[in-house]
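Novice: Could you have a look at this structure, given as structure tokens, before my questions?
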Amino acid sequence: MRILRQLSFFGILCSLSLQAIEYKIDGNVVSSTRIGLSNNKTTDLSKGIYPNNSFWALSSQLGISLKLLDTEHKVTLGLKGMVGGVALDTTREGASIFPSNATSGKDSMGDFTAVYMPAWGEIINAYVTYSYKDFFGFKAGRYDFMNTDWWSGHNEGAEFFIGKESLRFYTIYTHRRSSSNLEWLNHFDARNADINRFGIFVFGVDSAFEIGNQKLSLRPYLYYQPGVYVDPGFKIVHESNKDFQGEGINFKTTFLTLFAMHDKNIQNKLSGQDWGYQALYDSNAISAYNPSGYLGRTHGEGGVTLFLREDIFIDNYNVGAGIYKNFGNANDLISSYGDPTGLNTWVYTLYSTGPTWSDFFSQDALSGFVFGGGKYECWKWDLIGRYTYAPRSNENSIALLLGYDFTPNINLNLRLEWAGTYNKAGYKISQTYLKENIYTDKSMIFWYLSAKL
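And the structure:
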């Protein structure tokens, strides 16, 4: 009897423990495909004519999160892994779709694979969170960025907050970062590691004010990497209808700034984006496609970013416009991994420049865009037009985005885009130094087919 009582007591304890632990399992399988529409057999690296690359990648994620406490004290643990591979990469050496000189010869696995999916597998989430009454909390490990305008992807580091929604102070430390989603699967690595591997700090304050049905949010922030940059800025968001849920009208205005100040020790160093000011040359870099030995341009002192976007929501439809202006080279070192504009510039050919294959964020660039879209039952659509003027190139595009939900967990997203770039003399495309202006057609079809757990 004593043994039975002990077993019964142990069973009750286990039952109570399991009831106190909530868990959630999530995952997905995603097929990502890009088809360049302007490819031909006239690839000529001496003239800066490169292919409009195509690829097909498959990835999958599986993770679990555990809520150990859900009272005044909340503790959550999370673990998630991702695996992926590239079945088609037209930038591989000897790819049958293009002649052998269509690749850069940099890597036998292909430029796309080397840039987008160099890792076949990675632990992208491994974190612990703690909060007390939603007033104080921290998160540490590997996890998704959630509250940063200039960063996205996965962070390896920690963050801390104190305060309520109406006034909250936060700080974030980033040791390393990874792009791991859809067609991206990168190892975690440090930003600007050639200058300083210590990491990046973000300090900010979130505040919100409500006046009747309107809401005003203000976020001053500071991004800081020792010996690299000090970048203060702020974000203001105003909504005319804070309770908008797809019915009625809501005007949303977003104004974002960044005041980038580069450290003096790196101002005359080479920019990895081919953005900047003073041109640098090296006789050791002379090649058949770069007879002058052009390396690129210097980071410079920094600069200022001003971004204004207006969204108008009318029931299930929306229209809007935005303007993005760089004075100087504000985005060179902080980079554009967060893409605060809400546009996706990561889809263009990798034979270009910068982390987003676009001069949208380059020095002294001016971009304007208009858009409209809507939802109807299982369908959603958006139409986006953009023009960018920059010292390095002029870009224009019109994109139609279509989405369809076959089920709540299976969906298709399709992007049809006409895109072109007028590349200017005095800069590089991949290995080629341009002696004259040339036009590059980057038109494409891009689609994702995803299934969620």
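Letter by letter, the sequence shown follows residues -20 to -1, 1 to 433 of mature numbering (1 follows the signal peptide of the UniProt record, and there is no 0). Glycine is no exception: its CB is placed at the ideal position from the N, C-alpha and C atoms. Note that the structure is predicted; figures quoted are calculated from it, not measured.
Enumerate, from N- to C-terminal direction, the unbroken beta strand (DSSP E) stretches of 3 or more residues contained entirely within the segment 385 to 422.
Specialist: Taking only runs of at least 3 residues, the beta strand (DSSP E) segments lying wholly in the segment 385 to 422 are 390 to 403, 418 to 421.
Novice: Report the partner residues of residue 11 according to the DSSP bridge assignment.
Specialist: Bridge partners of residue 11: 38, 429.
Novice: Between residue 283 and residue 4, what straight-line distance do the alpha-carbon atoms span, to the nearest angstrom?
Specialist: Cα to Cα, the separation comes out at about 44 Å.
Novice: What are the start and end residues of the beta strand (DSSP E) that includes residue 361?
Specialist: Per DSSP, residue 361 belongs to the beta strand (DSSP E) from 359 to 369.
Novice: Rounded to the nearest angstrom, what separates residue 70 and residue 14 at their Cα positions?
Specialist: Whole-angstrom Cα-Cα distance: 11 Å.
Novice: For residue 245, which residues in the same chain have their Cβ closer than 7 Å to its Cβ, ignoring the five residues on either side in sequence?
Specialist: Cβ neighbours of residue 245 beyond the five flanking positions: 207.
Novice: What's the call for residue 258, buried or exposed, on a 16-neighbour Cβ count within 10 Å?
Specialist: When all chains shown are included, residue 258 counts as exposed.
Novice: Report all residues from its chain with a CB closer than 6 Å to the CB of residue 365; omit the five preceding and five following residues, and keep chain order.
Specialist: Answer for residue 365: 350, 378, listed in chain order.
Novice: With 16 as the cutoff for other CB atoms within 10 Å, does residue 356 come out buried or exposed?
Specialist: Exposed, by the Cβ-count rule.
Novice: What do you get for residue 304, buried or exposed, if any count of 16 or more other CB atoms within 10 angstroms of its CB means buried?
Specialist: It is buried - the Cβ of residue 304 has at least 16 other Cβ atoms within 10 Å.
Novice: Which whole runs of the beta strand (DSSP E) in the segment 188 to 272 are 3 residues long or more, in chain order?
Specialist: Fully enclosed beta strand (DSSP E) runs of 3 or longer: 194 to 205, 209 to 219, 229 to 242, 259 to 261.
Novice: Which two residues bound the contiguous beta strand (DSSP E) that contains residue 105?
Specialist: Here the beta strand (DSSP E) through residue 105 covers 101 to 112.
Novice: Relative to the alpha-carbon of residue 380, which residue among 267, 387, 324, 403 has its alpha-carbon at the smallest distance?
Specialist: Nearest C-alpha to residue 380: 324.
Novice: According to DSSP, is residue 286 part of a helix, a strand, or is it coil?
Specialist: It is a strand residue.
Novice: Once the 5 residues before and after residue 243 are set aside, which same chain residues still bring their CB inside 7 Å of it?
Specialist: Excluding positions up to five away in sequence, the list reads 207, 208, 209.
Novice: Is residue 424 buried or exposed, if buried means 16 or more other CB atoms sit within 10 Å of its CB?
Specialist: Residue 424 should be labelled buried.
Novice: Three or more beta-carbon pairs under 8 Å between the segment 39 to 57 and the segment 132 to 146, yes or no?
Specialist: In short, these stretches do not touch, since the Cβ pair count stays below three.
Novice: Is the Cβ-Cβ distance between residue 200 and residue 189 less than 8 Å?
Specialist: No, they are not a contact pair.
Novice: By the 10 Å Cβ neighbour count, where 16 or more other Cβ atoms means buried, how is residue 134 classified, buried or exposed?
Specialist: So residue 134 ends up on the buried side.
Novice: Apply the 10 Å Cβ neighbour rule to residue 403 and answer buried if 16 or more other Cβ atoms are within range, or exposed otherwise.
Specialist: Burial call: buried.
Novice: Per the DSSP calculation, residue 94 is bridged to which residue(s)?
Specialist: For residue 94, which the question treats as bridged, DSSP gives no partner whatsoever.
Novice: Does the separation of the CB atoms of residue 421 and residue 375 fall below 8 Å?
Specialist: In this structure, residue 375 does not lie closer than 8 Å to residue 421 by Cβ.
Novice: Could you spell out where the beta strand (DSSP E) holding residue 307 opens and where it closes?
Specialist: Per DSSP, residue 307 belongs to the beta strand (DSSP E) from 297 to 308.
Novice: Helix, strand or coil: how does DSSP classify residue -3 here?
Specialist: Confidence in residue -3 is poor, its pLDDT being 49 and thus under 50, which makes the residue's placement too unreliable to answer from.
Novice: Using the Cα positions of residue 174 and residue 427, report the straight-line distance between them to the nearest angstrom.
Specialist: So the two alpha carbons sit approximately 35 Å from each other.
Novice: Let me make sure I understand the geometry here. Which of 405, 410, 363 has the alpha-carbon closest to that of residue 395?
Specialist: For residue 395, the nearest C-alpha among the options comes from 363.
Novice: Do you know whose CA, among 291, 128, 102, lies nearest residue 232's CA?
Specialist: Nearest of 291, 128, 102 to residue 232, Cα basis: 291.
Novice: Output needed for residue 346: all residues of its chain with C-beta closer than 6 Å, excluding positions within five of it in sequence on either side, in chain order.
Specialist: 305, 369.
Novice: Out of 150, 274, 179, 307, point me to the one whose CA is closest to residue 281's CA.
Specialist: Checked all of 150, 274, 179, 307; the closest Cα to residue 281 is 307.
Novice: Who pairs with residue 138 in a beta bridge, going by DSSP?
Specialist: DSSP output for residue 138 lists 120, 153 as bridge partner(s).
Novice: Quick check on the DSSP output: the beta strand (DSSP E) that includes residue 53 runs from which residue to which?
Specialist: Element bounds for residue 53: 53 to 69.
Novice: What would DSSP say about residue 159, mapped onto helix, strand or coil?
Specialist: Here residue 159 sits in coil by DSSP.
Novice: So, helix, strand or coil for residue 45, using DSSP?
Specialist: In this structure, residue 45 counts as strand in the three-state DSSP scheme.
Novice: So does the segment 48 to 56 actually touch the segment 190 to 199, counting three or more Cβ pairs closer than 8 Å?
Specialist: Verdict: no, contact absent.
Novice: In its own chain, which residues sit with a C-beta less than 6 Å from the C-beta of residue 241, not counting the 5 before and 5 after it?
Specialist: Excluding residues within five positions, the ones whose Cβ falls inside 6 Å are 210, 282.
Novice: Specify the secondary structure class of residue 338 as computed by DSSP and reduced to three states.
Specialist: Looking at residue 338 - three-state DSSP - the assignment turns out to be coil, as it is neither helix nor strand.
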